[in-house]
Structures are given as C-alpha cells and as structure tokens.
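A.B. asks: My questions all concern the structure below.
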Amino acid sequence: MSTRLAFGGRRIDRTKPVEFRFNGKRLKGFAGDTLASALLANDQVMVGRSFKYHRPRGIVASGAEEPNALFNMGQGGRFEPNQRATTTELFDGLSVTSQNHWPSLEFDVGAINNHLARFFPAGFYYKTFMFPRFAWKHVYEPIVRQSAGLGRAPKDRDADRYEHFYAFFDVVVIGGGVAGLQAARAAGAAGAKVLVMEQTADWGGRAMVDGGTVDGQPVAEFVSESLAALEAMENVTLRTRMMGAGVYDHGYLLGYERLRDHSPDAPGPRHRLWRIRADRIVTATGAIERPLSFAGNDVPGVMLASAVRDYIVDYGVSPGDRVVVVTNNDDAYRTAIAVRQAGLAVPVILDARLGGGGALAEEATKLGIRVETGMGVARVHGARRVEGVSVCAQAGEGAVLERIACDVVAMSGGWSPVVHLWSHCGGKLVWDEAEAHFRPDGDKPPLGADGAGFVVPAGAANGALSLGAGLADADAAGRRAARDLGLKPARSAAPEVGDAPEAPIEPVWLMPQGASAGLRMKAWLDYQNDVKVSDVQLAAREGYESVEHTKRYTTLGMATDQGKLSNINGLAILSDALGRPIPQTGTTTFRPPYTPISMGAIAGEARGETFQPLRRTPMHDWHEAQGAHWEPVGQWRRPYCYPRGEESHAAAVAREIMATRESLGLLDASTLGKLIVKGPDAGRFMDMLYTNMMSTLKPGRCRYGLMCSENGFLIDDGVVARIDDQTFLCHTTTGGAERIHAHMEEWLQTEWWDWQVYVANVTEQFAQIGVVGPKARKVLEKLTEDDLSADGFAFMAWKDVTFGEIGARVFRISFSGELSFEIAVPASHGRALWDKLLAAGQEFGVTPYGTEALHVMRAEKGFIMIGDETDGTVIPQDLGLDWAISKKKDDYLGKRAQARSHMSDPNRWKLVGLETVDGSVIPDGAYAVAEGTNANGQRNVQGRVTSSYFSPTLGRGIAMGLVLHGPDRMGEVIEFPGTDGKTYSAKIVDPVFYDKDGEKQNV
Amino acid sequence: MLILECPCCGVKGEETEFHGGGEAHIKRFGPGSSEEEFHDYLFAKENPRGVHFERWRHVNGCGKWFHVARCTRTLEVFGSYSAQTTEPPQEIRDAITARRPGWRWREFS
Amino acid sequence: MRRYSAFAVAREATRYHQGWARAWRSPEPKKKYDVIIVGAGGHGLATAFYLGRNFGITNVAILEKGWLGGGNTGRNTTIIRSNYLQDPSAAIYEKSRSLYETMSQDLNYNVMYSPRGVLMLAQTEAEVRGYKRTAHANALQGVDTEFVSPERVKQLVPIISLDGPRYPVLGGLWQARAGTGRHDAVAWGYARACSDMGMDIIQQCEVTGIRQDGGKVVGVDTTKGAIDCDKLGVVVAGHSGVLAEMAGFRLPIESVALQALVSEPIKPCMDIVVMANTVHGYMSQSDKGEMVIGGGADGYNNYTQRGSFHHIEETVRALVETFPMISRLKMLRQWGGIVDMTGDRSPILSKTPVENVFFNCGWGTGGFKATPGSGWGFAELVAKGYSPLCEAFGLDRFREGRFVDESVAAGVAH
C-alpha cells in the first residue's frame, strides 16, 4: 500500500497538518504536499477512470505531464473540473471528487466498455453507428457524449477575478531548475534585464531530488547560492508558480502566474496572465520521462520511475512497499536506490539492455538489489492496483519466466526534452539517435522580427540530460542570450560537476519487442484517451500514415496532457509499423499552451460593465436617471426610448413621436460623428470624398452629402457645414465617425499626400442636441437674443448663437421633417444646455426622444438610414439619390466603380415606399416574391423591405424597400410572405409619407 | 504577435497598436480606366508566401500610415518606411536582399 | 471495398483487428487522367467523388502536396450551417448541409453529422433586423430558419447569460437542422470512397507547373513527374495564388490566419452551436466534451498557421461574457489555419483564362460547412462547364461589380 514514510520529505512541513476531502472522505496531509502526494500518503492509489474504457487510473507522474489524476475541485463559483493533482498544492479545506464515473469511482457502470474494449479499437466509431440514419443524433451520439467528457461543467459565475500584466525583458528564462538558474546567472551577470519563471513553488527542479555535487558541494547548496546571487542582482526578477504558457511571434511570451490557487481565500486576483516581450527566451524547461509500453502499463501503481522517487524524496511518501523497476536507461537506478534508502523493497530491476547499466547500476548492485539485464515486463497483474509483474526476455515474445509480487512498477523509457516552447513559434527539432529523443535543432530556431533566432534552449530541454552537461549548456545559453543583446558576458564559469559515467540508453518502444497482438492490445500509449500500441498499428495498417492522421484517428496525444507522455512512444510505434525511421515520420505540431490555462486568466479584467470601454455623451447620466431603455451602438449607449412607468417601448416611442410632431422633442445627437476637414485643398478633397459637389458650398451653409467606397457602395451620409473658406465640418453616422475619419486619413496620407488638408475627429469635443418640433423656435427664443427667424436663419444654414453664457453653433437641418435646430456646444456645456432646454421647454411639454422615434420620423419622411436602406451592397443610384451625385465632377471615390456593368444595370432594385393594403406593418426584412423559382430551386424575388415601422403620425404601417423597377411601378401591389405564416400585400408608393412638400421643416 | 516600428513617430509598438491595410504601392485607377485596370487595381492582390509589401496604420498611436516590408512565411520584418512613396526605398530593398537574395515582388527586386 | 459496420468490427475483434484493409490505396501516378484534381482536402476529394458518382468520370487523380485532409479540413471548428442571406450562398451551403445529412450512409463512413442546431445571437438592433431579414430570405430559399426570442435562446442554451450589462441578447437566428460534423472523417470518408471508385489519391506529390498548349491545359508537372490530363481542377485553399501564378493569372485573394481553440473536455453542458457576432466569438461542445471556440481572423497576410494571441484573448473574453461558466475551464490547445479571403468574402468556383482549368478557392472562414456542396457544384462545373450552384461565384463578378456579399446581415450602426 502507499503511505506516508516516517521520515523524509524535503518539501513538506510535518508540523503543519492540512485537512482535505476526497470524494467526501476527510483525509490529512501536510503543508507542502501536492494533492497527488497527499492522496498517495492516504493510500488512494486509484484516482479516476479513463476516457474511453473507464479503466481504473492511478497517479503516474509527479508534475505537469500527469494524464490521470484529474479532479472536480471546489464548489459553487469556485468549482473547477480537471484539476491536475500533481500540480495542485494542498491547502486546508481543499475538496475534490474524482471524475468520469457513475455511480462511483469504485463501481462504474461505464467500465462495461473495458470488457468490450476489443470491439472498440481506434476509430471504431467511423465504421459503426451509421444505421438507421437518425440514430446518430438521437441514440448513439447522446450516449457517446455522456460517456465522454471528464469533469463536470461549472454552473456558477466565477467568483474569482483575474488580471493581465505587461512586461518587457531582455531575457526571460523559463524554468527554475539548475539549468534555468545558471542561464539566468550568466545573462544577469552580463547586465541583461532578466525574468526567471518557475512553474512550481520551488526552485531547483529535478536536481533537488536527483542530487549530485556542483563545485564540490551538494547540489541543493548550489541552488540556494544561485538563488541568493540572483536575488542580489537588481536586474533580475524571480517568480515561482509561473509557467511559460506559450511563445508567439516576435518574442511575445505568455506567463501564467497562479497567485492564489494554493490559498484561495487570500485577497487579490487568482491568476495573472503576463504578456511579455522578450528579446531572448531561454527555455530551461527540463525533460519528461517516457513510460514503457508493456501489457498492463496502465494499472494503478505503474508509475514513472522519476515520480516514484519524487514522492519519496520530496514528500516522504511511499507509493508502495515493493517496487519493481523496469528501465532501458541508467536514470531509473536512482529510483531503485531511493526506494531502498527509504527502507522499502526493490524485488528486482528489470533492465531491458543486455549490457545493463553503468555506475548507478553498480551502486544498486552494491545495495544488494537484484538486477536482471535483457529483461522486461511481460504483463502487469492486478486491476485496480498492481499486484505483481510477469518477467520476460525483452528480445522474446513475452514467454513468462517468473512472476514477481509488487505493488508499484517504476518504469523509465528514457527522457524527452520539453521542446514545446521551442516549437510553438516554429523552432525545428532533430532526432538524437544516441539519446533516443527529439531535441531542438539549434540551426532552425524560431525567428524574431529581425530574422534571428530568439529562443535559446538550455540544459535538459536542449538534450543535455546529465547534471554536468546541463549546467554547462545552460551557462552557454545564458551567455549566448546576453551576447545576442550586444552585452559582454564574462568568460565561461560553468560549475564543475563530476558526472558518473552512464551506460547509453537503448530505445525500447515495445516490451517485449516481439509482443503478441494480445499483449499489444493491453500496452497503453495514451492513458487518458485509452490509446494502445495496437491502435497505432491499426491506424498504420489502414493507411493513416501521416503522424497527423494517426493522431486524429486514434486520438493519441489529444488528451488534457497533450501527449506529454505518449507522443514519442506513439510516434516510434507508428514509424516501426510503417518501416520508416522516426525523424522521417516527424512529430505533430506543438501548440500553446504548455499546460492548460484558465479562460478567466485569458479574459482578464474585462467583464460585465468593463467588458468593453463605454462611451458616454454629456447627457448620459440624465438618460440613465430617466430610466432610458438603452441601445448599444458601437461602444456608445443611446436611449432607444424613455418609457414612463409601466409604459411599453412601443407606446413610449409613439408618445415621443407625437409630442415632437405636435410640439417639441429633444434628441441627444452627440454621438453623431463630427469631422473637421481643413486646409487650402479642403474643397478639392471634399469633392473626392463625397458624391456631391462640396467645394461650391458657401460658408454658413449646410448640404446633405453621400460618401461611397472606392468599390462604389454607399458607406455613409450626413450633413456637411462649410465653416469658412478652408474649413468643412462633416457630420457622419454614429457608427461611422471613426470609420470615416480613418477613411479620410487613409486617402489623404496614402494617395493625395501632397494635398494640403488636415482632418480632425472632434466627435467627443461637442455635445449636440436636436431641438425638434413646431415649438422649436419658440423654446430657443426664450434662451437667446439672436435672430432665429425663418428669414434671419434659413433652412440648411448654420450660425453661431449664444444661449446665455453658452456659445453654440446651430444648424438648421432636419432629419424628422419638423422645424428643427441642431445645437452643438462644447461637451462640457452639453448637460447645462440640455437642462436649460428641458426647463424652458416645460410649457411646450418638451419630450426627449430616443433612437427609435428618430428612426420612425425619418422613415415617415422617406429619409434613408445608413445600415437600414444600405447594407454594403447598395449604391446611391439604387436609393434615388442621383440628385446628390454631381454630374460635373470628373472623379470621386466610387465613380469608376459605379460605371461597371452590374452597377449600371437597369434591373437593380430601387428604393420605393411600401404601404400595406390593410394598414398593417410589414415584417422588417421581408422579401417580395416573384413568379417561379431560379435554377437552384429558390423562390424568385423582386424586392425587399429595408425599413418598416408603425407610424403613429399616420396611424398605419409604413415601409421602405428596394424593388425591381420600383419607381416605374407606382400603385402596383406586390406580396411579401412573412415568417409568421401571413402574406403581406403592399402597394408601391412614393417613399415620402409625411409632409411631401417639406412645409413643416421650412417654416 | 508582430512588433512593428512606426517610421513617423519612431515608436516600436505591439501589433495591437497598428491596423493592417493590405497591399502597398497600388496605383489608383479612376474614371476613364479600362475594365482590366480597374479590376486589377481593386482586386488582383499580391499574396506571396515570402517577401511582401504592405500598408499599416499606427491607429492607436500617431495615426499615420506607413509601409512595411515583411515576410509572410516567417513574419520577419525587413523594415518600415514612409507611406508617401510609390516604391520601396533602396535601403529597404537592400535589407531584403541581404536576407532573401533574389527576391521579387511585382516589378521590384 | 469492405463495408464498414458494427458486424464487421465485431468479426475483426475476434482476430485482433488484423484483417482491416487500407482505407485508401496509395498508388503511383499513371501517365494520364481524364481529370486531375490538385489538392486532397475535403473540397478536392468531394469534387472527385461527385465527378465519379454524378458524372461517371472515374479516371481521376487527386494530387496532394502533403497528406490528405492535412490543411483546413482538419483545422476548423466543424460548424455546418446554411443560414446565409444571399441566394447563391444559401443555395450552395444548403445543398451542402443536405448532403451532410446522408453523408455517413453515402460514404459508408461515419462523419458524425450532428444536426444539433446553430444559433446566431442578435445583440444589437441592427443584428435583430439583419437576422430577421435572413430568416425571410431563408424561407424563400428553402432553408429552414427562424428568428427566436431571448426566452427561447435561454431554453436552447441554458448556460448563456442573456442580460450582460453591455450587449444583452435580443434574440437569435436559429437553424435547427444545422450542426457539426467530424472534420477529419469527411476527408477520410471521401478518400476511401474515391479510392474505391478506382481514383488515384497521390500524396506527397507537389504540382510544380501547369502545362498548356494553345491556351488549353494538357497536364501538370509534379515532384513525381509529369502527368497528363484533359481537365484540371485546382482546390488548394491557401496555395491557390501559387497555382494561379503557374497558370498565368492572379486571383482576388489574400491569405490570413484564422485561429481556434478548445477547452479541456467536460461533461455535456451545451447541446447547440452558438455564434455571437457582435462580440466576435462562437462556441460549441464536441462529442469528446471540449468546448470548441473560434473568433475573428487576423488582419494581415500570413502563411505561418499561427496567429496573434490578442485575437484569442478577444474571443475568450467575448465568450466568458456570454457564457460566464467557462471562466473556470481551461484552454487546452489553440491553433491556426490559413484562410483565403476574396474581395467580397465569398468563394470562387470558376472557369479561368486557361481552357479546362477550373479553380475552387477563397472559402474564407466558411469552407468546412461547404465541403460536399462545393464538391457537388464544382464537379458539375468541371464535367459540364456549367453549374447553377457555381454560377454566381465566377471570377467575372469582380470585373462586373456583381458581388455576393455576406457581411450584409451583420448590418452597420446608424
């Protein structure tokens, strides 16, 4: 059984007991434990169920590569699925449940799949579940979905918050093992601004467990000395619990700092996402041990050899009393020695190599451990935990030579450098035949903006696996990074290490090498996704030859560990099956993040109200206080209407319209774009931007104008006021302000850069208020002495007016058809003027109105609205706006485009008014049908509704639409089928429904 | 995540400060141009896997447009230069040649 | 071809699945084919399949530079829908969707088409109007969609937050018979069926030149030698520009990166596909349990199959706002693909200036859902020189100003 040892455990503090819950059971651990070590200390060997077969799963690893030990953790707004036990630091009150089983971990109905595993090989679902046709969606898929997935879905809103952080460094070192520390020292000493990040809570990495001597002192002392040296450097920043999550182009690096996962009740954000720009990134990310592929290698209790010794040395936890070690390299002997030194039994070391190991093997033998060379595991016995192993010759087919009882199998198939971060941005790999692993190809690094490599691998991550080689490599990497920055690092001061001579690794991809089909079906590659050696071989047999095909067909490496344990083993099996060398088969693509990172951290602070910036007009607070119903328009919020009490929106809109038409309405028009175009060439520029002739506009006058894209389509409209000879003020739509400003800048800067024109977006500098209705002049005259009479201030003119202490620019323009003044004042005076108008307008029943009333009133007048009548495919000619297109100009943006055959086609749909025969409202967006169907069997159409409203003024539905030959068909009735089952018959009429002669606005 | 340098204000900035504006050095064809000329002006795009010239705007900065010579295969940036020119300046061409001997883009090389 | 069935799997189970044959042959190229299709992605393979199935043309080679299905076929978010606004788009996407319904049976390969429904959220008044318009158009196009209320939205997708402070949900366009499929399986299923009809799928074979005689195609040069053909269909997505250059013309296409990501798998919590265009993100849950998430494309030409992280950030932020529960899920993997953007964001299925050379490209972000419909129409175009499905997607439209613009429904603010 697994248990807490009486002594040892470098990371735990035995004076600080910690209580936690697993599947409702109260268990005890110590501060410094991971959830995994604490579970093992409590003899919880089986921790979950696999994805496909629901087989019992135990803890395999001790770090980020763990595929099995994943839990539902926490409650309510702090619930989180798939928490990895090996990287979860234990805290008081932690509560987890195991996943992917029903009704319980011990008894899982889904485990029936395990007994039927033979019927569920790789890709079986591509060959089955096809009949009857409806059954996939209604029968098979629901079953598949229910049995797939791992943890439960969270239900509540996240109770935690997250933050983003920007940082800039010369050199970022990822990994706080001895290699990372050494590289940081080298770069830091040269003067580089350095950040070192370590994903765990501790410095020193594997060396702290594996030991060794550096410069004649124990490695632990070397680590503390290095840390002290780094801490003393002002140019070096050290961060633990921070993972290098992803490397992106041009030295962009994501750091994922887990601030509060180990103490959830502490104040502050839970995770911090660092968005770092680094000139050089040193990946000192170490290496990950590979499992060996033998039958039963997935039974709980079969663990990575390195993990077994981690649990003993770091946490004082014995994964089991009797540990069989099976290996193809020397490193696993360290585990045998550690197990023995902890007072536990090692019945045998099975070394697949005929020649056996080097110095470490000798040491093990000296300790009296039995070593069998050329031997391997034929199969593991036990279901929910290891009971023993059958031993066979590695060279054979699996004939059992001996059965040995044990409760742990510690396996080592060699070490794979962690090349993820090197590869994220395109760094290439080479296959190292001697070490049997892929390592970074120094000649093909990821390239930065300047075309130079910006990632420097260091230590084990670069394939330098031994302590001495790793430190030397890391020292060189740190110095190289500094040199790349133009700094002058000190001459090499790589520490002295006496590496014991090791015997070379011998690749073992299948154990035994001639394993029968029956054994291969039990030899796991991917523990979580249940991919076995036989599955990869099946994929190869069926022609899924590329490594990407095999991955996708078998799901190898697609689990939450992203193949950290399985990829290389699977690749080797595939290569063998295809008779191709491993490098020719290649790897799948490494993609960020290195291990999964929270969505919350990616989203950062921007939530709820702060999801996007909110733009407010000077009157925003007033609208809010009135209970305006908001409509988001870009990043603005505009009042849609101002419902009173229980009033419906429709009723509010009708009230606002009637009040405006009968007396006085107020509109906050501040969001309308206001662009100033100024300079000696302003007129010329305006003539290119607008379809109209703008250069002839007189100062003091306004003109309605249209703007088209170079592709001919109408993109914006608005009133242009000529301020003086060299200055125009262009009003744009609310959504158009930034877009049109950019459009103007683009043409000015990139095409007509020799024209003397400036453009400024002054939208937010001014508040703008529409004073609208028959009483508009009356109310304004209460507030000013200036002449606002029809004679003194003509329609389509503007003038400066003073309202008490407030200076304003007033435009006599109308979008409603009523007598109307639009008053622009500096934004800081906006609210004051608004309040004045409300007070002065009281006697006229002044009524603020929102965007919907604005829309209805303009439709009653037949004015087009960008976004309603236009949709990016409409040209001014479609809208009967030919009068706004100057015939005198040689050129304007869009003119050439509008000469193309389709744009001058007489069959283009044209704007008309539509009046339902029965007065009802045609549904917005309805199409007018024509006879027959087209070549694709679709009903022919001859027009569509672009705007449709109930007009309170007219007491009936009104609409505008684009109709084939529409203006020539006045009076004709056409049919619009609704999606409500009704068909709407509408007469084609003039689009101006109200005050056709414009008398009301022109008084 | 590109880093670009705005030649107008001299700022080296994050990609998020800028806005891409497509192919550079396009000659405008207006009224009077042939169907072919006008079509090519608007639609026939250079889409190389390699050296490319494009327009960017320092939209969240000085607001100025400029040109960038960049590799679409490696995202390497060869240099940025003024928008007020109809062809890449010699020093940009030289910088590209140093990294990509024999490069060609439209009529430039 | 050995038929796939539960029975066949059971029989193979008794002998450790040793008896399965290759899903597709891996032949050496012949000297000449009636038709060569360049590109063994979903669209290329579908084209070949319908050339055989609908027109009896089986002397066909499909040439693939890398591995079949290795491009965007296997990199998309697997959404299948046909609720497009414009007639030509609705026609080809609806044809496609209907072919997906029977594809597993037609190919004897389970492509897991799952009509779980696609919902496009309306979060502004402009979107409401746009989607109502689309619903009206769809009704006349034979595409079954409806505009639904916020209450119905909540029923369809209980994990949604309807009343976010910034962009409350005002309704949605719901297509019940849209859904998702297993992207790789589409390519593999077509490949197996093509191979079975005697077509040659030649992988690791890059086309290096297009040979013409008198303005007419006569064959291609490849890394496996010259191969003759009467007709040539080019379906190479991100490399269309390169092939067009070989044929001597330019395309109205720019290639940009589009990214996607998946979360770790969780138990089922979302049965449908939701797209939120105002905030730029969409999400569904795969059969494996991963939340599959996508967003907007990068804004610059790029062939690296990597994108910029800020797009991932924007997408995730949008979806955390829309589905607050995903905040505590973790991003497992992000990736990018290269998509071809045309001048009007609609595809090109067209004859070209070279006789008997046809191009199928420019699918932008919508390629996967179109796979069978694109193959169906393009096969007809190649075989007969005319296809009503492809009619509106000719290269000429850019000259004439006759665009098929689908950005329309998104609307513009006032």
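Protein chains in written order, with my numbering: chain D, 2 to 1004; chain Y, 3 to 111; chain P, 9 to 422.
Quick reminder that beta carbons are idealized off the backbone N, C-alpha and C, glycines included.
1. Near P:D279, what residues of its chain come up, given a Cβ to Cβ distance below 7 Å and the 5 sequence neighbours on each side ignored?
2. If we count the other Cβ atoms within 10 Å of its Cβ and call it buried at 16 or more, is Y:G34 buried or exposed?
3. By how many angstroms is the C-alpha of Y:F110 removed from the C-alpha of P:D204?
4. Work out the CA separation of D:D451 and P:C213 for me, nearest whole Å.
5. Please list, in chain order, the residues of the region 527-543 of chain D that have any C-beta partner in chain P closer than 8 Å.
6. At which residues does the beta strand (DSSP E) containing D:Y705 begin and terminate?
7. Alpha carbon to alpha carbon, how far is D:V303 from D:G377? Give it in angstroms, no decimals.
8. Tell me whether Y:R101 counts as near the ligand ADP, meaning its Cβ is closer than 6 Å to at least one heavy atom of that ligand.
9. From D:T551 to D:I867, what does the alpha carbon distance come to, in whole angstroms?
10. According to the neighbour-count rule (16 or more other Cβ atoms, all chains shown, within 10 Å of its Cβ), is D:F864 buried or exposed?
11. If you measure beta-carbon to beta-carbon, which residues of the region 281-313 of chain P are closer than 7 Å to chain Y?
12. Run through the region 146-223 of chain D for me and flag every whole alpha helix (DSSP H) of 4 or more residues, listed as ranges in chain order.
13. Does Y:W67 have its Cβ less than 7 Å from a Cβ in chain D?
14. Should D:P953 go down as buried or exposed, given a rule of 16 or more other Cβ atoms within 10 Å for buried?
15. Give the straight-line distance between the Cα atoms of P:D352 and D:F796, rounded to the nearest whole angstrom.
16. Can you find a CB in chain Y that lies within less than 7 Å of the CB of D:W754?
17. What is the C-beta distance between P:P37 and P:D236, in whole angstroms, given that I count them as a contact (C-beta under 8 Å)?
18. For a minimum of 3 consecutive residues, which ranges assigned as the beta strand (DSSP E) are wholly contained in the region 95-122 of chain D?
19. Starting from D:V780, trace the alpha helix (DSSP H) both ways and give me its first and last residue.
20. Please report how far the alpha carbon of Y:H54 lies from the alpha carbon of D:L572, in whole angstroms.
21. Give, in chain order, every residue of the region 42-76 of chain D whose Cβ lies closer than 9 Å to some Cβ of chain Y.
22. Tell me the rounded alpha-carbon separation between D:W756 and Y:E56.
23. Alpha carbon to alpha carbon, what distance is there between D:H421 and D:D47?
24. Using a threshold of 7 Å, state whether the C-beta atoms of D:L707 and D:T692 are closer than that.
25. Are the CB atoms of D:A453 and D:V283 within a distance shorter than 7 Å?
26. Which residues of the region 80-100 of chain Y have a Cβ closer than 7 Å to any Cβ of chain P? Give them in chain order.
27. Mapping DSSP to helix, strand and coil, what is P:M111?
28. How would you write the range of the alpha helix (DSSP H) that P:N146 sits in, first residue to last?
29. Is the beta carbon of D:H263 sitting closer than 7 Å to the one on D:E90?
30. Could you name the residues that DSSP lists as bridge partners for Y:K14?
31. Residues in its own chain within less than 6 Å of D:P496 by CB, not counting five upstream and five downstream?
32. For Y:G12 and D:D442, what's the separation of their Cα atoms in angstroms?
33. Please name the residue or residues paired with D:K988 in a DSSP beta bridge.
34. Drop a sphere of 10 angstroms on the beta-carbon of P:H422, count the other beta-carbons inside from all chains shown, and report buried for 16 or more, exposed for fewer.
35. Using beta carbons (cut-off 7 Å, strictly below), is Y:T76 in contact with chain D?
36. With a threshold of 7 Å between beta carbons, is Y:F31 in contact with chain P?
C.D. replies: Answer, in terms of the structure:
1. R124
2. exposed
3. 49 Å
4. Distance between the alpha carbons of P:C213 and D:D451: 33 Å.
5. Against chain P - using a Cβ distance shorter than 8 Å - the residues of the region 527-543 of chain D are S535, L539, R542, E543.
6. 703-709
7. 14 Å
8. Looking at this structure, you won't find the ligand ADP or any other ligand, since it has none at all.
9. 52 Å
10. buried
11. G307, Y308, N309, N310, Y311, T312
12. Fully enclosed alpha helix (DSSP H) runs of 4 or longer: 179-190, 208-211.
13. yes
14. Counting of Cβ neighbours within 10 angstroms places D:P953 among the buried residues, the total reaching 16 or more.
15. The alpha-carbon atoms of P:D352 and D:F796 are separated by roughly 41 Å.
16. Yes, D:W754 lies at the interface with chain Y (some Cβ there is under 7 Å from its Cβ).
17. Not quite, the Cβ-Cβ distance comes to about 10 Å (not below 8 Å), so this is no contact.
18. 96-99
19. 777-782
20. 37 Å
21. none
22. One C-alpha to the other measures close to 23 Å.
23. Just to set this straight, residue 47 of chain D is Met in the shown sequence, not Asp. Distance between the alpha carbons of D:M47 and D:H421 is about 30 Å.
24. yes
25. no
26. none
27. helix
28. 133-149
29. Result yes, Cβ atoms of D:H263 and D:E90 sit closer than 7 Å.
30. Y:E7
31. V215, D216, L472
32. Rounded to whole angstroms, Y:G12 to D:D442 spans 35 Å at the Cα level.
33. D:E916, D:V974
34. Only weak support is given to the placement of P:H422: the predicted model assigns it a pLDDT of 35, under 50, and the question is left unresolved by the model.
35. yes
36. Not closer than 7 Å to any Cβ of chain P, the Cβ of Y:F31 fails to qualify, so no.
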